[in-house]
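J.: Mind looking over this structure? Questions follow.
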Amino acid sequence: MDPRSTVWQHFEKNFKNGLLVKAKCLHCKQNYAANTSRNGTSGLKQHLTNRCKVYKPPPVAPGIQKLLNIQSNSYSIETWKFEQEVCRRALVEMIILDELPFSFVEKEGFKKFMSKVQPLFRIPSRRTITRDSYEVYGELRMNLKMSFREIQPRICLTTDTWTLV
Numbered sequence: 001m002d003p004r005s006t007v008w009q010h011f012e013k014n015f016k017n018g019l020l021v022k023a024k025c026l027h028c029k030q031n032y033a034a035n036t037s038r039n040g041t042s043g044l045k046q047h048l049t050n051r052c053k054v055y056k057p058p059p060v061a062p063g064i065q066k067l068l069n070i071q072s073n074s075y076s077i078e079t080w081k082f083e084q085e086v087c088r089r090a091l092v093e094m095i096i097l098d099e100l101p102f103s104f105v106e107k108e109g110f111k112k113f114m115s116k117v118q119p120l121f122r123i124p125s126r127r128t129i130t131r132d133s134y135e136v137y138g139e140l141r142m143n144l145k146m147s148f149r150e151i152q153p154r155i156c157l158t159t160d161t162w163t164l165v
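This is the structure:
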């Protein structure tokens with residue numbers, strides 16, 4: 001069975017009487033207690049990130065963080081970068097889809113929620129949301145026109161009238 005922690009890629013396991021007792025750093029050859037039921041792997045991770053003089057962890061660009069993607073029982077880690085415009089567009093789409101008032105963005109509860117969810121997001125004013133909504137409307141209208149031109153539909157309108165006698 002493969003070890004669950006990625007830290008074992010940097011350590012050699014030393015067994016005594018069939019039990020794991022020590023772990024030797026592959027970079028600086030330092031020994032550490034390694035009984036995972038008693039010691040865990042946190043000490044080994046700290047050694048790699050803070051104490052090992054030889055190993056240098058790969059740099060992570062500022063503003064980018066790893067994102068655990070859990071969709072359709074497939075787990076993957078992807079890099080994710082905050083983008084103000086993408087979030088703003090998603091906010092406009094949410095307001096349109098849920099038929100919320102444009103003033104929703106100025107409500108105290110929404111501001112507090114967003115400060116916890118994504119502190120980097122600058123909440124636009126209701127006027128900006130209104131302008132963005134018109135842009136989304138224009139884009140969707142153009143896409144619909146293009147779709148109709150491509151398929152050259154013939155539209156028939158029918159009515160079914162029913163009267164109570």
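Residue numbers for the sequence shown follow UniProt numbering, beginning at 1 and rising by one.
Yeah, the Cβ is synthetic: ideal placement off N, Cα and C, and Gly gets one too.
Note that the coordinates shown come from a computational prediction; the quantities given were computed from them, not determined experimentally.
#1: Among V117, P124, E93, L120, whose alpha-carbon lies nearest the alpha-carbon of V105?
#2: Could you give the residue range of the beta strand (DSSP E) that holds E12?
#3: Give the single residue among K29, L91, Y137 whose Cα lies nearest to the Cα of L48.
#4: Please report how far the alpha carbon of V7 lies from the alpha carbon of K45, in whole angstroms.
#5: Using a Cβ-Cβ cutoff of less than 8 angstroms, which residues in the same chain neighbour F11 once the five nearest sequence positions on both sides are dropped?
#6: Identify, in the order they occur along the chain, each residue of the same chain with its Cβ nearer than 7 angstroms to the Cβ of K111, setting aside the five sequence neighbours on each side.
#7: Going by DSSP in three states, C87 sits in which element: helix, strand or coil?
#8: When DSSP builds the beta bridges, which residues end up paired with A23?
#9: Would you say K16 lies against chain C (beta-carbon separation less than 8 angstroms)?
#10: Pop quiz: C87 and F113 are said to be a contact at Cβ under 8 angstroms. What is the actual Cβ separation, rounded to whole angstroms?
T.: Once the coordinates are examined:
#1: In the sequence shown, residue 105 corresponds to position 105, counting from 1. Selection V117, P124, E93, L120 evaluated against V105 yields P124 as nearest (Cα-Cα).
#2: For the purposes of this step, residue 12 is taken as the residue at position 12 of the sequence shown. Under the DSSP assignment, E12 falls in the beta strand (DSSP E) whose first and last residues are 11–16.
#3: The sequence position of residue 48 within the sequence shown is 48, counting from 1. In terms of CA proximity to L48, K29 leads the group K29, L91, Y137.
#4: What you label residue 7 is simply residue 7 of the sequence shown in a count that begins at 1. What you label residue 45 is simply residue 45 of the sequence shown in a count that begins at 1. Going from the Cα of V7 to the Cα of K45 covers about 6 angstroms.
#5: Within the sequence shown, the letter at position 11 stands for residue 11. For F11, where only same-chain residues beyond five positions count, the Cβ hits under 8 angstroms are A23, K24, C25, L26, Y32, A34, L44.
#6: Looking up residue 111 in the sequence shown gives position 111. The beta carbon of K111 is closer than 7 angstroms to those of I123 in its chain, skipping five residues each way along the sequence.
#7: The sequence position of residue 87 within the sequence shown is 87, counting from 1. The answer is helix: DSSP assigns C87 an H, G or I state.
#8: As a working note, residue 23 is residue 23 in the sequence shown. Looking at the DSSP assignment, A23 forms a beta bridge with K13, Y32.
#9: Protein chains in the displayed structure number just one, and chain C is not present.
#10: Here residue 87 refers to the residue found at position 87 when the sequence shown is read from its first residue. Here residue 113 refers to the residue found at position 113 when the sequence shown is read from its first residue. 13 angstroms between Cβ atoms; not a contact.
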